[in-house]
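Residue numbers (this note's numbering): 12 to 98. Down below is the structure, laid out as structure tokens.
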């Protein structure tokens, strides 16, 4: 068996990187509140279409909230809306 000594010497460093990445994945907090751009990306629509949905289909106080001049969408409610939507 032919082992590359340089590669063997890098194993502790590689294991440390794997440990750090693993901890980051475990500690990742999923974002619940999305702005218009994030909502558009999440649902696969344009920002203009999100504004139209907000006007025509989404309910303020349920799907989105206005806070300090910003519109924030509730990701959990958006998921429910997508699942129940027949459009």
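Glycine included, each C-beta is placed from N, C-alpha and C at the ideal position.
Identify every residue that forms a DSSP beta bridge with residue 104. It is not possible to answer for residue 104, since the shown part of the chain is limited to 12 through 98.
From 16, 42 and 47, pick the residue whose C-alpha is nearest to that of residue 80; which is it? In the chain shown, counting from the first residue as 1, residue 80 sits at position 69. For residue 80, the nearest C-alpha among the options comes from 47.
Tell whether a beta-carbon distance below 8 Å holds between residue 114 and residue 45. With the chain covering only 12 through 98, there is no way to say anything about residue 114.
Check the C-beta distance from residue 100 over to residue 68 and give it rounded, since I have them as a contact under 8 Å. Residue 100 is absent from the model: the chain starts at 12 and stops at 98.
Hey, how far is the Cα of residue 23 from the Cα of residue 49? Indexing the chain shown from 1 puts residue 23 at position 12. Indexing the chain shown from 1 puts residue 49 at position 38. Rounded to whole angstroms, residue 23 to residue 49 spans 38 Å at the Cα level.
Looking only at its chain, what residues have a beta carbon closer than 7 Å to the beta carbon of residue 88, apart from the 5 residues adjacent to it on each side? For the purposes of this step, residue 88 is taken as residue 77 along the chain shown, with counting starting at 1. Correct list, in chain order: 73 and 74.
Return the CA-CA distance between residue 65 and residue 71, expressed in angstroms with no decimal places. For the purposes of this step, residue 65 is identified with residue 54 of the chain shown, where counting begins at 1. For the purposes of this step, residue 71 is identified with residue 60 of the chain shown, where counting begins at 1. Rounded to the nearest angstrom, the two C-alpha atoms are 8 Å apart.
Could you pull the start and end residues of the beta strand (DSSP E) that residue 76 belongs to? Counting from one through the chain shown, the residue named residue 76 turns up at place 65. Looking at the DSSP string, the run of the beta strand (DSSP E) that includes residue 76 is 75 to 78.
Grouping DSSP H, G and I as helix and E and B as strand, with all else coil, what is residue 29? Within the chain shown, residue 29 is the residue found at index 18, counting from 1. Helix at residue 29.
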